[in-house]
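Residue numbers for the sequence shown follow this note's numbering, beginning at 525 and rising by one. Cβ atoms here follow ideal geometry from the backbone N, Cα and C, with glycine treated the same way. Since this is a predicted model, take the numbers as computed values, not measurements. Here's the structure, in structure tokens; my notes come after.
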Amino acid sequence: MSHGRYELSQRQWELIEEELPQPVIREDGRGRPSRSDRKILNGVFWILCSGSPWRDLPAKYGPWQTVYDRFRKWQQLGVFEKILKKLRLRLLQDGYLDLNTWFVDATINKAHKATAGAKKKKTRL
525 MSHGRYELSQ RQWELIEEEL PQPVIREDGR GRPSRSDRKI LNGVFWILCS GSPWRDLPAK
585 YGPWQTVYDR FRKWQQLGVF EKILKKLRLR LLQDGYLDLN TWFVDATINK AHKATAGAKK
645 KKTRL
């Protein structure tokens, strides 16, 4: 199966699939089946990587509201944190991470208003 620019490969999907919450199935069997988690996640990646607004999500990922709602739900449940932990552990096990080289840079540089194109105030003497 080929995948799009921001979409998960089969191998990538298999690494994280079990971290996603299982859908709730009603006892009476009614209701709509939920959209594929993989398709939803690929839609989330498309938005995050492209920088596009949610409303510009391509139709192949489903309605933008559905993708957004699932994204927010997963965010609130800590699903992305679990996925990142699992991926970090995998990278560490495979020898791709050297924890001695990790650092956090909290440098903050404020730019003057004029750098964004604001006009300078004229001063009267």
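Taking the Cβ atom as the reference point for each residue, do residue i and residue j lie within a distance shorter than 9 Å?
i, j, result
"I564", "F604", "no"
"I540", "L621", "no"
"R509", "W598", "Limits of the chain in this structure are 525 at one end and 649 at the other, which puts residue 509 out of reach."
"L601", "P545", "yes"
"L530", "S574", "Sequence inspection shows Tyr at residue 530; the Leu mentioned does not correspond to that position. Yes; because the gap between Cβ atoms is below 9 Å, this pair is in contact."
* Asked: With contact counted as at least three CB pairs below 8 Å, one residue from each stretch, are the stretch 581 to 589 and the stretch 539 to 549 in contact?
  -> no
Length at least 3, wholly inside the stretch 525 to 605: the beta strand (DSSP E) runs in chain order:
none
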